[in-house]
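Here's the structure we're looking at; comments come further down.
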Amino acid sequence: MCATDEGTEDIKQELKLMRKKFQMCNNMNLIFGHLLLHMGHYSQAESYFQMMLQVMPNDHKDRAAVYEQIGDLHMRTTNWNEAFRNFTYAYERKKKSHQQQSMGITFNNFGNYYKAIEDFDMARMYYEKTLNCKNDSINTSITKVNLSNVYLIEKKYDEALNLCLQARDNLQQFRPHLPTEITYCQGTLGDIYFAQAKYDLAEAFYLTSFELSQKHLLIGDHLRTKCIMSLIDLYTKQNNKQRAFEFCKEQLVLHEQYLLKNHTSIAHLLLKLAELEEPHNNKIR
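In this text, residue positions in the sequence shown follow the working numbering: the first is 5, and each later residue adds one.
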């Protein structure tokens with residue numbers, strides 16, 4: 005992100021929200037690293053977390069959390085083996101130091117990993133293990149949304165919808181402190197309706213998710229990019245390719261004002277624009 009006053013204010017607001025989200029965490033270094041992750045600065049985030057491991061005592065209670073953050077980073081860059089390796093480090097460290105109160109987070113991470121490699125039985129098992137742990141209501145809700153995504157992939161739409169609505173109703177109680185989680189949940193509800201070709205309902209949830217991302221998430225946040233892609237895919241599916249093309253181009257122009265050219269969000273938008281541009285150009289000819 006460019007060093008503008010607007011960008012600085014966005015970062016301050018994001019840090020404020022993260023402090024509230026991680027109010028039980030006293031390690032500001034972890035929170036800052038998580039911010040780098042959310043901004044899509046993956047190389048900087050990885051260097052930062054590796055530096056933390058180097059200076060942190062081997063028996064420090066937060067080492068497991070650092071490994072989990074590194075694992076999350078590799079999940080976002082589709083480096084599945086490294087993600088699994090770091091999640092395993094976190095699990096072994098927590099097991100050894102009897103950090104049972106946060107084991108649900110680790111099981112949820114394993115669920116995300118197995119979902120990513122399309123082992124849905126294992127993903128479901130780990131999400132269910134997470135729900136059986138002593139989690140706070142926020143982590144329980146996030147896991148329910150993750151599990152609903154597995155049901156969605158398996159075309160169990162009723163189960164997916166019911167679970168996601170449960171999560172949404174609980175997360176709404178914590179507004180405005182959980183914009184990322186609520187945005188994710190609303191987007192998943194849109195995905196469920198989209199998969200059933202209920203495009204009007206899907207659009208309503210996608211627009212809500214996108215508006216939340218505009219208001220609360222930084223430009224370049226991977227979830228904000230997903231919200232944009234969901235709307236583009238919806239407009240395309242509705243045979244409104246002109247609208248999809250214009251919306252994609254508008255978002256690309258906005259992102260290029262704030263992000264470096266090699267940012268992953270810009271890469272995704274450029275690829276999507278190229279995909280839309282071919283039939284668009286053919287139509288003009």
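The beta carbon of each residue, even a glycine, is placed where N, CA and C say it ideally should be.
- Taking the Cα of residue 172 as reference, the smallest distance to any Cα among 161, 120, 187, 158 is reached at 187.
- Counting along the chain, residue 83 sits inside no alpha helix (DSSP H), nor does DSSP assign it H or E at all.
- Look at residue 179 here: in three-state DSSP terms it is coil, with no helix or strand label.
- Measuring C-alpha to C-alpha distances from residue 96 to each of 83, 82, 114, 44 identifies 114 as the nearest.
- Distance from the CA atom of residue 146 to the CA atom of residue 47, rounded to whole angstroms, is 26 Å.
- The Cβ-Cβ distance between residue 233 and residue 272 falls below 9 Å.
- Counted as a single uninterrupted DSSP element, the alpha helix (DSSP H) harbouring residue 204 occupies residues 203-220.
- Scanning the stretch 132-176 from its first residue to its last, no whole beta strand (DSSP E) run of 3-plus residues comes out.
- The straight-line gap separating the alpha-carbon atoms of residue 239 and residue 70 is approximately 39 Å.
- Using a 10 angstroms sphere on the CB of residue 254, the tally of other CB atoms stays under 16, which defines it as exposed.
- Secondary structure of residue 125 (DSSP, three-state): helix.
- Between the alpha carbons of residue 202 and residue 59 lies a gap of roughly 52 Å.
- Between residue 213 and residue 190, the C-beta spacing is below 9 Å.
- A Cβ-Cβ contact shorter than 9 Å links residue 184 with residue 227.
- Taken through DSSP and simplified to helix, strand or coil, residue 191 comes out as helix.
- In this structure, the beta-carbon distance from residue 76 to residue 41 falls below 9 Å.
- For the 9 Å CB-CB criterion, residue 248 and residue 280 form a contact.
- Looking at the backbone, the Cα of residue 261 and that of residue 274 are separated by about 14 Å.
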